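Chains as they are written, first to last, in the numbering used here: chain A, 424 to 997; chain B, 23 to 226; chain C, 11 to 246.
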């Protein structure tokens with residue numbers, strides 16, 4: 424089929440006048456700039472979230488002492504910190520970092536498109552998120568402070584304004600979340616449409632890089648699961664503002680209704696975050712092992728299966744909630760089933776290492792650190808997915824340790840892996856490799872130090888969200904665990920300093936990056952670092968799948984997706 | 023001026039992938055509608071479950087104005103008809119297309135405003151009798167469901183009005199012709215939600 | 011597993027058994043998987059003159075390397091949950107005939123325990139109520155019927171391996187049988203507000219003779235509740 428017959432109605436690439444600073448960086452519709460805006464938001468919110476973590480951990484280790492830099496806090500303030508830590512980290516760090524940054528930056532480049540399908544909608548989505556973030560941050564400063572009913576916002580604690588000091592703060596929490604949901608709905612529609620409609624010629628579905636698959640399935644999952652909670656958020660707001668009573672027993676409502684609405688979304692949400700994290704790891708492992716990703720098609724099916732199954736497991740968060748105990752059995756079964764695709768993904772990653780030629784550059788270190796840590800998080804989920812042991816472990820620090828051992832690796836280990844990997848493409852320079860390794864080893868070691876003790880604390884029965892665990896005589900003796908965790912947490916937070924310095928220093932003084940410092944196959948590495956405004960001077964023609972590394976008989980151990988045969992361009996740009 | 027991609031661009035790669043023959047904007051609207059179905063579906067399911075659990079709420083439900091609701095259903099259905107006619111006329115390439123388009127779109131807007139006006143009167147009647155959102159769970163659901171729906175009607179009216187204004191300019195008519203299909207999809211969706219809401223809230 | 015607190019419950023061993031079963035199974039897998047990662051990272055690190063092997067898992071023979079382990083994982087998972095199912099049924103679905111029923115009220119921020127007294131009826135002069143201390147006889151089935159006056163609380167007794175959320179608007183029951191006299195901690199494990207961390211109670215398990223004495227001392231028509239508690243409508 425001729426090139427002309429193949430391409431009709433190609434997106435017009437118009438040349439434009441030079442934009443002002445405001446037009447180029449503030450009101451940009453360029454997906455690469457928008458990705459950096461998401462990066463700015465998520466890294467700033469990570470600092471805020473990290474600060475709440477510091478305060479929480481210090482309070483837990485030394486409950487009767489003042490927190491350096493904060494002072495003594497009240498139990499109400501502690502509940503606010505815990506609530507805001509969770510809300511900020513899940514909705515304003517993990518989602519913008521994994522979806523907003525890497526989805527926006529990588530999807531158009533990896534599929535050979537000049538931008539997203541709807542660039543102005545893209546700009547609207549990041550501004551909506553920013554508004555939500557600002558409202559959430561502002562809620563710290565209103566009378567009564569920020570929301571204090573947990574990131575899960577269980578009713579009636581969240582539904583009655585008289586039960587926590589956060590009368591206005593809890594309302595702002597609802598509004599901020601609604602804006603965040605809208606932002607990612609818009610973004611999701613953009614990602615899905617772009618990936619379906621704007622692939623370069625030759626990029627059939629089985630040649631699409633796994634990151635794109637995983638970002639798109641995550642977007643589909645978000646789209647399908649968030650609706651009922653949007654309804655729930657409206658209901659919660661009406662309960663608070665006019666006493667509607669959806670979740671208030673005095674008015675005939677049911678607190679468990681909120682739990683169902685929340686977790687129907689809440690469980691898919693963790694996969695919305697985990698899938699892009701895995702997608703990043705799945706891109707990095709082959710490049711640094713110089714081997715194809717193992718079981719590419721199975722990995723695609725795993726993403727699709729996870730998307731479907733995650734919509735029917737939610738009540739494993741509610742085994743002892745007071746819902747009919749007979750529901751435990753079906754939800755236990757579906758929860759077991761969903762461990763299958765994850766097991767396959769993990770085994771495929773391990774199999775990718777087999778027979779490889781592995782180089783432990785910083786992106787690879789973070790990817791492997793993420794994999795090894797996530798493994799512990801994954802297996803500890805079995806304890807919680809089994810209703811009988813959940814009776815004992817629910818609401819304890821075991822749960823806290825479990826979800827930090829899953830969410831932290833996919834957000835931060837995978838996120839940092841992606842950032843070190845795509846930094847040269849984003850900014851045209853390489854980050855310093857030595858300091859990257861320092862960042863990795865400190866983070867890896869400190870992370871284990873924070874959360875491993877918390878498993879033990881949970882097995883001993885320590886409840887979560889408690890201002891002072893040593894009030895219970897059962898836990899006085901294990902208070903040292905909390906101290907260990909706090910010391911490690913301080914180290915973990917300090918360990919991010921080399922990264923921050925490295926990030927900003929390298930922007931101006933890092934080694935200039937060529938087009939393809941990692942010798943990777945995907946399309947973004949076939950253009951300059953950073954890419955021109957419209958990414959590709961000519962629409963690439965894709966000839967192979969992305970994971971052709973060390974192919975037998977090839978002259979090089981890599982084969983870019985859009986190059987003919989195994990020849991390299993004569994320009995020497997690589 | 024940033025490069026504005028052609029949102030109706032269809033890139034065909036010739037290997038029979040039908041997904042890639044859907045214009046980007048149409049695909050996007052359908053995705054958006056899928057998420058909206060989950061919102062309204064979720065709320066309606068909650069209503070049904072709680073209503074059954076509370077024995078039907080027949081006493082409260084007796085106070086809804088089903089005749090007003092029926093009238094509004096007629097209004098909305100007619101507006102869907104005029105919207106469909108507007109979309110059909112948009113596909114024509116005859117003289118007076120723009121005028122016909124604007125007429126049908128205009129009717130749709132007026133009917134939408136009628137719906138909202140009637141709804142507002144209905145709400146004030148109910149408020150006067152003390153049936154506010156805080157007056158019990160049935161009314162809380164009533165206002166949430168119909169209120170959220172009305173907000174969507176309002177958004178549709180604004181969207182249609184933008185197109186109606188644009189269609190007055192000869193150079194923008196082709197743009198309107200292309201985009202009215204998406205506004206039509208949205209408006210029909212809003213109508214379909216009402217088709218479910220009306221029996222659920224008014225007739226049961 | 012010495013981190014688990016002492017178990018004084020008849021169904022405690024069932025829970026602990028499932029816990030250790032899971033620990034054993036996932037422990038083996040965890041060590042195997044992490045071991046494989048570390049081994050492969052070492053064996054297959056980049057060395058001059060050695061190229062990677064082009065193994066992509068594109069045929070069933072290669073895919074078997076991950077599909078078979080995944081299948082084994084599923085089978086083991088199912089076996090865990092069959093075992094766990096028995097424990098769950100025992101604790102949450104069965105309802106053995108109780109020797110004593112206590113009405114538990116959770117409110118911000120205390121546990122209040124109401125005993126119907128010898129006549130077995132609430133709201134009569136022989137009722138006894140206790141703030142924060144739940145007195146029970148050893149080796150007898152005790153049933154608790156729990157309600158909340160305000161928000162969701164969660165009644166948890168680690169030594170019994172018991173936990174049950176208490177939801178306002180409904181009465182939820184649970185049962186247990188303590189096997190050893192002593193005093194054990196009751197926790198609230200669902201965030202309920204500013205004093206959530208201090209919403210503690212004690213389970214006082216009394217030997218037969220001690221329980222008889224306690225009943226004699228406290229189950230009489232004398233003890234009356236303060237008015238604030240009466241107005242909270244704790245009576246059935």
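Built from N, CA and C at the ideal position, the CB exists for glycine as well. All values derive from a computational prediction rather than experimental measurement.
For chain C, find out if any of its Cβ atoms is closer than 8 Å to the Cβ of residue i; answer yes or no.
i                     : result
residue 802 (chain A) : yes
residue 651 (chain A) : no
residue 705 (chain A) : no
Check for me: the alpha helix (DSSP H) holding residue i runs from which residue to which?
i                     : result
residue 179 (chain B) : 159 to 188
residue 482 (chain A) : 454 to 484
residue 815 (chain A) : 810 to 816
residue 100 (chain B) : 88 to 112
From what residue to what residue does the beta strand (DSSP E) around residue i run?
i                     : result
residue 157 (chain C) : 151 to 158
residue 526 (chain A) : Per DSSP, residue 526 (chain A) belongs to no beta strand (DSSP E); it is in the alpha helix (DSSP H), 525 to 534.
residue 141 (chain C) : 138 to 141
residue 163 (chain C) : 163 to 167
residue 176 (chain C) : 172 to 176
residue 22 (chain C)  : No beta strand (DSSP E) contains residue 22 (chain C), which is instead part of the alpha helix (DSSP H) from 22 to 53.
For chain B, find out if any of its Cβ atoms is closer than 8 Å to the Cβ of residue i; answer yes or no.
i                     : result
residue 474 (chain A) : no
residue 674 (chain A) : yes
residue 533 (chain A) : no
residue 558 (chain A) : no
residue 443 (chain A) : no
residue 851 (chain A) : no
residue 977 (chain A) : no
Measuring only between beta-carbons, confirm whether residue i sits less than 8 Å from chain A.
i                     : result
residue 243 (chain C) : Interpretation of residue 243 (chain C) is limited by its pLDDT of 39, a score under 50 that renders its predicted location unreliable; no figure is taken from the coordinates.
residue 60 (chain B)  : yes
residue 152 (chain B) : no
residue 203 (chain C) : yes
residue 65 (chain B)  : yes
residue 164 (chain C) : yes
residue 158 (chain B) : yes
residue 226 (chain C) : no
residue 57 (chain B)  : yes
residue 149 (chain B) : no
residue 161 (chain C) : yes
residue 6 (chain C)   : The structure shown does not extend to residue 6 (chain C), since chain C is modelled only from 11 through 246, so no value can be given for it.
Less than 8 Å between the beta carbons of residue i and residue j, yes or no?
i                     : j                     : result
residue 215 (chain C) : residue 194 (chain C) : yes
residue 92 (chain C)  : residue 154 (chain C) : no
residue 123 (chain C) : residue 209 (chain C) : no
residue 534 (chain A) : residue 621 (chain A) : yes
residue 898 (chain A) : residue 909 (chain A) : no
residue 843 (chain A) : residue 789 (chain A) : yes
residue 525 (chain A) : residue 634 (chain A) : yes
residue 962 (chain A) : residue 632 (chain A) : no
residue 25 (chain C)  : residue 814 (chain A) : yes
residue 820 (chain A) : residue 800 (chain A) : no
residue 540 (chain A) : residue 617 (chain A) : yes
residue 55 (chain C)  : residue 781 (chain A) : yes
Is any non-hydrogen atom of the ligand NAP found closer than 7 Å to the C-beta of residue i, if you look at the structure I gave you?
i                     : result
residue 225 (chain C) : The ligand NAP is not part of the structure shown, which contains no ligands of any sort.
Identify the contact partners of residue i in chain A, using a Cβ-Cβ distance below 8 Å as the criterion.
i                     : result
residue 103 (chain C) : 748, 749
Taking C-beta pairs closer than 7 Å, name the residues in chain A that residue i reaches, listed in chain order.
i                     : result
residue 13 (chain C)  : 879, 882, 883
residue 73 (chain C)  : 718, 721
residue 129 (chain C) : Simply none; closest approach about 30 Å.
In chain C, which residues lie less than 9 Å from residue i when you measure between Cβ atoms?
i                     : result
residue 817 (chain A) : 164, 166, 173, 175, 199
Since residue i contacts residue j with CB under 8 Å, what's their CB separation in whole angstroms?
i                     : j                     : result
residue 132 (chain B) : residue 224 (chain B) : Contact doesn't hold; Cβ gap of about 23 Å is too wide.
residue 921 (chain A) : residue 862 (chain A) : 5 Å
Can you list the residues of chain B that residue i reaches, using a CB-CB cut of under 9 Å?
i                     : result
residue 669 (chain A) : 68, 72, 159, 162, 163, 166
residue 890 (chain A) : Ordered by position in chain B, no residue passes the 9 Å Cβ test against residue 890 (chain A), which lies about 34 Å from the chain.
For a contact meaning CB atoms closer than 9 Å, what does residue i contact in chain A?
i                     : result
residue 218 (chain B) : By Cβ distance, chain A contributes nothing, its closest Cβ being about 14 Å from residue 218 (chain B), past 9 Å.
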